[in-house]
Amino acid sequence: MIALTTWTGGILTATGLIAYFTTGMESATSLIPAFIGVLLLIAAFIASRVPNASRGVMIAALVIAVLGALGSLMPLADLGALFAGDAERPAAVIVSGIMLIVLVVYFVAGLRQILTTRETGPKAN
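With the first letter of the sequence shown counted as 1, position 42 gets the number 42 in the UniProt record's numbering; the numbers rise by one all the way through.
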């Protein structure tokens, strides 16, 4: 799960940085995926260095993912306007959609792995 968290954190960090620079560095809110990504990268780093805390840190990473996914729902209210070409901030809607998809996939895969490990023991990783 550490590798999955590292990849997810990297994807979100890259998404946030790309969004920030391609929108002309006008708003720090375009860095929100990067902030979530960095938190996930920190969690993966801690879990890899402190094996006894690995499970707890990965559960905390899943909580971060849920909070990030919930936070990305608000800009998606403008999805209809995006398709109609009337969205005030189309980049925010697109980046929020990417963040939501990445975090939901991460959450489902991470939860599944934690539950599998719980049922079969730590050797199932």
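Idealized CB from N, CA, C, for every residue including glycine.
Going by the beta-carbon positions, is the gap between Arg55 and Thr117 smaller than 9 Å?
Here the question's residue 55 lines up with position 55 in the sequence shown. Here the question's residue 117 lines up with position 117 in the sequence shown. Yes. Within cutoff.
Assign Met58 to buried or exposed, taking buried as 16 or more other Cβ atoms, counted over all protein chains shown, within 10 Å of its Cβ.
As a first step, residue 58 must be located in the sequence shown, where it is residue number 58. Met58 is buried by the Cβ-count criterion.
With a threshold of 6 Å on Cβ separation, who are the neighbours of Ile114 within its own chain once the five nearest residues in sequence on each side are excluded?
Numbered from its first residue, the sequence shown carries residue 114 at position 114. Contacts found: none.
By the DSSP assignment, the alpha helix (DSSP H) with Ser48 in it spans what residues?
Numbered from 1 along the sequence shown, position 48 holds the residue referred to as residue 48. Segment 32-49, the alpha helix (DSSP H) holding Ser48.
Within 10 Å of its beta-carbon, does Asn125 have 16 or more other beta-carbons around it, so buried, or fewer, so exposed?
Translated into the one-based positions of the sequence shown, residue 125 becomes position 125. Per-residue confidence for Asn125 stands at a pLDDT of 46, beneath the threshold of 50, marking its modelled position as unreliable; no derived number is given.
For Glu88, which of Pro75, Leu4, Ile98, Met99 has the nearest alpha-carbon?
Residue mapping note: residue 88 aligns to position 88 of the sequence shown, counting from 1. Comparing Cα-Cα distances from Glu88 to each of Pro75, Leu4, Ile98, Met99, the minimum goes to Pro75.
Identify whether Thr8 lies in helix, strand or coil by the three-state DSSP scheme.
Taking the sequence shown and counting its residues from 1, the one referred to as residue 8 is at position 8. Residue state, collapsed to three classes: helix.
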